[in-house]
Each structure stands twice: as structure tokens, then as C-alpha cells.
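First up is the structure itself, then whatever we jot down about it.
Numbering (full-length UniProt numbering), first residue to last: 1 to 726.
Now the structure itself:
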């Protein structure tokens, strides 16, 4: 076991006013009597800073010496008020880069509010002093400062087969800081469903035997990180990117994590690669991901500036990343963690599709009563109906598919039974004699997984994605009434802190750095020709985010909407969206949400097209590929008004967003570029790339919750009744 003093922690360094060095004149390549030699090779991930507060900011680097692998390495930190380091604010600070933490080192420098500092690290070897590149950082303004704040927010920066061209454009902006909303890394080296490695943009694990093998394309195997070394390989690779390095060198970053810092669509320490085929709880893997994040992210941990990650601690209490920041009189930024404490997705991927969740008696006795026939559908007791004929049929199908036939029991959806019967009767060879379909007339009606659009034994469609909205709303509300913990996304402690922090804030704007979409994202396919009747319904595009926890969302929006001036910043979905989510029980209780597109990850529209092609049901619907390509028109449909709270959607672009905040308003500019532009390397051609970006400006005004868009030089208000900018 490591002793407490051996843990990596942010060493506290108190800065003073600029002073005159004791010996000689300092320049960019000398300090005191020693000459500094460029030493980027000893600092392969360059430098970074983060979590700016009025009197402090955290700085970071990683030191590598190939001839001293496994050694703790001594390093010095220098801080100055100018890039040439002629105005140092401290003697060089001695630090130690511990081998136990991948030779990462951090320092929490304490200085003056609203001040720009320059910093660099020096590593001495054989009498030669090697210096890192220079980082620039800035502390937050004083609590009472009446100053504007300008920052960017970004998310989803897949490295594999893609370039960080959008970060090239972001580097030339004038910013106070950057908020990273998660998916800073992707845990996979080449998931064929969304990644295509090339020779220039790939991740290679040094120890693939300690990783999770996902599959292979020809002779090339694809992996997901599992060990601490695997996760470190990811950060080393991502932070080796020149564009990302320059971004960190220029601006402090405030990061949170989403799922891919650990595992796609994760909850707690659980992965979802196998969609319920096996238990994917892996506490050791979660700890490895958390430790690597701690090592590589310059974070100032709330309430514990001396925090050090302890691998022996129990998850999810091994690390707390939810925290808050203030920037003068007008900005209070609250950063949440929506992965560590959340429960499982409401619909189990391995649930038997035909299983009835709520029978007719239960639904009839519920506050909403028995839903209509498109939600609650007929069912039979599979054990006794027709002498067990259909139980035998479904059990054989389950067994042939590698599914546990013991789950074929109890009340089962007639629609599901008839679907399977039709498939068998139309098979090759068909049963002889044909299996009769069940006449649903006079049968009781209940709510089944099949009614939620779960068709397959192990599936993402109908469980995490493309879920029947009306049925899910009934299902989730009944589950929530029976057990509120089924939607406890933040966990009890975080939610209490979150509400107390925002409710007690005296700042003009309360800004929530939120990982996944709050605004509902639905499509209405009830009038679409050329699709089966069971698909002519309203669907949530995904219930992996807040759409999957709608009752808890309504509860929180009811409280946040009454505070005024609450703005959410969101990532995750790989699309630009802007809207005004409100509490269903009181539409006047609303906030404003700005969602940024991905830095480089596959755009939402392309992901939908890929899901359609791979899904055994959707791929058989001729109109489905076209519907995926028309997703923006579907979610913004002014006839069905399926998303009246959604004012803007752009799902086939990459980019970032910049927020400009004052006492009067928040103006958010979306910077978007075509999805194809991330597969070409624009290094050295920033100006050319910037000309390809399109800007769209929105704002909300203090004292209200209306949304405005700049159209031809004028600000137009979003009307949630007409769904028009007026």
C-alpha cells in the first residue's frame, strides 16, 4: 500500500508579487544562472491548467525519462506574469512526478483574482535543464467584480480516425476558460460501429492482453480499455495531439466526464457492451478509469484541495468530481457528475420482450387509469393459454437464440406472440401445420416490453434507443411512484448539493454544466407512410439521458425553473440543439439549454443511419434510412409539434460553442462545420478551416426565460406555440 504522502496531489504554491531574480537577467531560455534547453521530449503531453477560481488555478504536466522508467522524477515549476518570464512571482517550486501516478504532477497555484499567469516546468538531467512549453492560465475574477465572462464549451472528441480541426479554430479565440462536458477520451481502440482507425489516428494499447477484446476486422483486433495502463494509454495518446496540447497551453479547462471516460452508456461501474448477455459490473475497471482521469485532468476537488486518489477507496465515493465555480458577479457555474451514481437504464436489455410489466388491474388502478389500445395491448397467461402451445413455441425460439427460456413465463403480449408466429410461419421451412395466430378480442390489456418497442432478446433498440414515448411515459412514471431510486440520476448527496448551490446562488446567471440532453428529443411517426403500423408512433430517440429519467427531470425543472436565469450547457448527443425545457406539470417553470456538437465524434445523424443498418428490425423498413437522414426535420416538425421546447437542431456537423455573459444577457454562438471535415488533417491550415465554419447566434435575457436567435441582423424570439421565430 502507498503511504498517504506518496499520493499524487496538487501541491499548493502561494505566489507573490513580481520580484527581481537574484542572479542575472531572466529571458525565455534562462533562469538565474542556468540555461534552459527545449525539452518537449521530456514533457510529451506538454502542459495544462484547469479549475480556475478567484485566487487559484491548477497546473499540470507529465514528465518522462526513458532511462528512468519507473522512477519518481524531480521537476520544478516556474510561474511568471509574462511569457518571457522576466516577471516571476515565485522562486522555482520543487515538485515530484511520482511513478505510481504515471509521472503526472500537479500544483495548485494561489495568486490574485482575474490575473493571467504563465508557467513552465523544468527537468534537470546530467546537469542540463530541460524546459517544457509555456502554458498560459488565468484565475477567475473576484467575487464582486462586475465584468463580462467569455468561455467555450465542448464535448466528444474521438481521436480514432478523426482530427481535432475544430480545436484549431478554437485556439484563436479570446477566452477566459473552456468547459469540457465529457467524452474527453473514448475507451475503445476501434469500435467498428463508429470508429475507423487509420495509420495516423489510432490508439494502440501497450498491453492488449489486459484490455477487453471487442472483435476484429480482418487481422486487426479492436479493444476497450480495462486496466489502468490501458486508460493511461488513451490519455497519453489523446494528449499527444498537437491541437489539443495548444488548447491546454492557452486556456484553463473545467472538465467533467460522461460515459466514454469509462465505458459506453455506463452506469456506475457497469458497462453495457453485451446488452445484458452477461453481468458487466467491474469495479476494478471503474477505479482504473477514475484514477487515470484524476492523474491527467488538472482538477481542484471541491472541499478538499489536498485530495489524492486512493485506489483502495470504494466506488462511487472514491472520487467526487461535481463542484462549482464563480466568475465575478454574474456567473455561477455548477458542474455535475451524471454517471457515477445513476441507476441502471429503466428497460433491461436482457428482458424478455413479451413480458407484461403491468397487468390490466394495476393499470386501471393507477392515477392515469388504463391507457389506450396503442399503449396497453392484449396479453395471455403463457403457462395456461391454449394448453401451453405458445409457451412451447416461444421457449424453442428463445433457446435457439441462446436466450434463457425460463424467462418465457407469466403474462405475455399477444402482439409479440403473433409477431413470432408470423415469422415462423413465413420461415424456410414453415411449420406444418402452420401455427395459428391468437385472436386478441376480449383479452385483458397490459403494458409489456414489446409495447415499449423492445423486439429482440438482447437489444439497444427499444431499451436505450428508439423507445415508444407514450408507453414509456406510463411505464417510467409507475416505476418512479413505486421506487424513486429508479430515476436517482445524481444520487442523494449530489442532488442535495446541486439544488442547495443553485438555490443559494446570488450570481446573475446560474449555469449548469450538464452531460446529456435535458430538452426532450422525440419524433412523431404516426403519419409517416411506408412504415409498419407498430412503428407509426411517437418515439424518444434515446432514454439513455434525461429522457430516460423524465419524472426526476420534471421534478428538478420545477425547482430550477422558479429560480430564473438558469442556463444548461450540454454535450453528448453529437448535435447542436437549443431549446427551453420545462416542467410538464408547469410549463412556466423552464430553463434555457444550449447543446454543442461534437469536436470530432460521429455526428448524430450518421450514428442513426448506422443503427438503422445494423438493427434486424429497422433495417427491414425501406423508409427507415431516409427517416434517419431527415432527423432534423422530424424533431423540428411544426405540424406535429412533437418538440415545442426545441428551437434549433443541426445533427450533421462538428464544432464548439462560445458563451458571452454579462449582467444583461447570455449570448451563445454555435460554430459548426460539415461532418466530413474532421477526416482531413487541417494542421497548418487553420485559416482555411475557419472559413468553412458557420456561426449561429442565440441569446437569453436576464429576468426571463425566453430564447432569441439572430436572423439577418435582428433578434427574433422563439414562440413555443407557433414554433416560429417572431
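No residue lacks a Cβ here, since even glycine has one placed at the ideal position from N, Cα and C.
Excluding sequence positions up to five away, which residues of its chain have a Cβ less than 8 Å from the Cβ of residue 27? By 1-based counting over the chain shown, the position of residue 27 is 27. Summary for residue 27: the model assigns pLDDT 38, below 50, so the residue's position carries little reliability, and this model does not support an answer.
Nearest candidate by alpha-carbon position, reference residue 447, set 647, 366, 701 and 97: Counting from 1 along the chain shown, the entry for residue 447 is found at position 447. It is 366.
Would you grab the beta carbon distance between residue 156 and residue 601 for me? Rounded to a whole angstrom, and I think it's under 8 Å. Within the chain shown, residue 156 is the residue found at index 156, counting from 1. Within the chain shown, residue 601 is the residue found at index 601, counting from 1. So it is a contact: roughly 4 Å between Cβ atoms.
With 16 as the cutoff for other CB atoms within 10 Å, does residue 78 come out buried or exposed? Here residue 78 corresponds to residue number 78 of the chain shown, with the count starting at 1. Burial call: buried.
Can you look up residue 235 in the DSSP assignment and give me helix, strand or coil? The residue given as residue 235 occupies position 235 in the chain shown. In the three-state reduction of the DSSP assignment, residue 235 falls in the helix class, which pools H, G and I.
Whole-angstrom Cβ separation of residue 188 and residue 204, contact assumed at under 8 Å? Residue mapping note: residue 188 aligns to position 188 of the chain shown, counting from 1. Residue mapping note: residue 204 aligns to position 204 of the chain shown, counting from 1. Not quite, the Cβ-Cβ distance comes to about 12 Å (not below 8 Å), so this is no contact.
Per DSSP, what are the beta-bridge partners of residue 260 in this structure? Taking the chain shown and counting its residues from 1, the one referred to as residue 260 is at position 260. Residue 260 is not bridged to any residue.
Rank 337, 644 and 218 by C-alpha distance to the C-alpha of residue 492 and give the top, closest one. By 1-based counting over the chain shown, the position of residue 492 is 492. Each of 337, 644 and 218 was checked against the Cα of residue 492, and the nearest Cα belongs to 337.
How do the region 123-136 and the region 39-50 stand: do at least 3 beta-carbon pairs fall below 8 Å, yes or no? yes
Inspect the beta-carbon positions of residue 192 and residue 215 and report whether they are closer than 8 Å. Taking the chain shown and counting its residues from 1, the one referred to as residue 192 is at position 192. Taking the chain shown and counting its residues from 1, the one referred to as residue 215 is at position 215. In contact: residue 192 and residue 215 (Cβ atoms closer than 8 Å).
DSSP-derived helix/strand/coil call for residue 594: Your numbering for residue 594 matches position 594 in the chain shown. Three-state DSSP puts residue 594 in a strand.
Is there contact between the region 509-523 and the region 352-368, where contact requires at least three CB pairs shorter than 8 Å? no
Here's a check: name, in chain order, each residue in its chain whose Cβ is nearer than 8 Å to the Cβ of residue 289, leaving out the five neighbours to either side. Indexing the chain shown from 1 puts residue 289 at position 289. Only 187, 225, 231, 261, 262 and 263 meet the Cβ criterion.
For the putative contact between residue 440 and residue 414, defined by C-beta atoms under 8 Å, what is the C-beta separation to the nearest angstrom? The residue you call residue 440 lines up with position 440 of the chain shown. The residue you call residue 414 lines up with position 414 of the chain shown. Correct: roughly 5 Å between the Cβ atoms.
Helix, strand or coil at residue 445 according to DSSP, with G and I counted as helix: Here residue 445 refers to the residue found at position 445 of the chain shown. Reduced to three states, the DSSP call for residue 445 is strand.
First through last residue of the alpha helix (DSSP H) which encompasses residue 341: The residue given as residue 341 occupies position 341 in the chain shown. Counting along the chain, residue 341 falls outside any alpha helix (DSSP H), and DSSP gives it neither H nor E.
Mind listing, in chain order, the continuous alpha helix (DSSP H) runs of no fewer than 4 residues lying wholly within the region 403-435? Counting whole runs of 4 or more residues, the region 403-435 contains the alpha helix (DSSP H) stretches 414-425.
Would you mind giving the Cβ-Cβ distance between residue 699 and residue 668, rounded to the nearest angstrom? I have them listed as a contact below 8 Å. Residue numbering aside, residue 699 sits at position 699 when the chain shown is read from its first letter. Residue numbering aside, residue 668 sits at position 668 when the chain shown is read from its first letter. Confirmed, about 7 Å.
Please list the terminal residues of the continuous beta strand (DSSP E) segment that includes residue 761. Shown here, the chain extends from 1 to 726; a query on residue 761 therefore has no answer.
DSSP state of residue 44, grouped into three classes? Residue numbering aside, residue 44 sits at position 44 when the chain shown is read from its first letter. Reduced to three states, the DSSP call for residue 44 is coil.
Inspect the CB distances between the region 108-119 and the region 50-65 and report whether three or more fall short of 8 Å. yes
Going by C-alpha to C-alpha distance, which of 282, 541, 671 and 527 sits closest to residue 597? If you number the chain shown from 1, residue 597 lands on position 597. It is 671 whose Cα lies nearest to the Cα of residue 597.
By the three-class DSSP mapping on this structure, what secondary structure does residue 23 have? Here residue 23 is taken as the residue at index 23 of the chain shown, counted from 1. Bear in mind that the predicted position of residue 23 carries a pLDDT of just 33, short of 50, making it too unreliable to give a figure here.
Please confirm whether residue 329 and residue 508 have their CB atoms less than 8 Å apart. Counting from one through the chain shown, the residue named residue 329 turns up at place 329. Counting from one through the chain shown, the residue named residue 508 turns up at place 508. Yes, Cβ-Cβ distance for residue 329 and residue 508 is below 8 Å.
Jot down the residue ranges of each uninterrupted beta strand (DSSP E) in the region 180-230, minimum 3 residues, whole runs only, in chain order. Counting whole runs of 3 or more residues, the region 180-230 contains the beta strand (DSSP E) stretches 212-217 and 220-224.
Alpha carbon to alpha carbon, how far is residue 296 from residue 568? Give it in angstroms, no decimals. The residue labelled residue 568 in the question sits at position 568 within the chain shown. The residue labelled residue 296 in the question sits at position 296 within the chain shown. Near 26 Å, if we compare the C-alpha coordinates of residue 296 and residue 568.
Could you give the DSSP three-state label for residue 163: helix, strand or coil? For this step, residue 163 is matched to residue 163 along the chain shown. Note: residue 163 maps to coil in three-state DSSP.
Measure the Cβ-Cβ separation of residue 675 and residue 166 and say whether it is below 8 Å. Residue mapping note: residue 675 aligns to position 675 of the chain shown, counting from 1. Residue mapping note: residue 166 aligns to position 166 of the chain shown, counting from 1. No, the Cβ-Cβ distance between residue 675 and residue 166 is not below 8 Å.
Could you give the first and the last residue of the continuous alpha helix (DSSP H) run that contains residue 293? Here residue 293 is taken as the residue at index 293 of the chain shown, counted from 1. Residues 283-296.
C-alpha distance - residue 350 paired with residue 404, whole-angstrom precision: In the chain shown, the residue the question calls residue 350 occupies position 350. In the chain shown, the residue the question calls residue 404 occupies position 404. Looking at the two C-alpha atoms, the distance is approximately 10 Å.
Residues near residue 198 in its chain [Cβ-Cβ closer than 8 Å; skip 5 each side]: What you label residue 198 is simply residue 198 of the chain shown in a count that begins at 1. 161.
Could you check whether residue 76 and residue 92 sit closer than 8 Å to each other, using their CB atoms as the reference points? Counted from its first residue, the chain shown places residue 92 at position 92. Counted from its first residue, the chain shown places residue 76 at position 76. Cβ atoms of residue 92 and residue 76: closer than 8 Å.
Going by DSSP, name the residue or residues bridged to residue 583. Residue numbering aside, residue 583 sits at position 583 when the chain shown is read from its first letter. BP columns for residue 583 point to 586.
Could you give the residue range of the beta strand (DSSP E) that holds residue 658? Numbered from 1 along the chain shown, position 658 holds the residue referred to as residue 658. 653-661 is the extent of the beta strand (DSSP E) around residue 658.
Within its chain, find whatever has a CB closer than 8 Å to the CB of residue 106; leave out the 5 residues flanking it on each side and keep chain order. Walking along the chain shown from the start, residue 106 turns up at place 106. Closer than 8 Å at Cβ, skipping near neighbours: 8, 9, 10, 11, 58, 59, 60 and 298.
Straight-line Cα distance separating residue 636 from residue 720: By 1-based counting over the chain shown, the position of residue 720 is 720. By 1-based counting over the chain shown, the position of residue 636 is 636. Cα-Cα distance, rounded: 11 Å.
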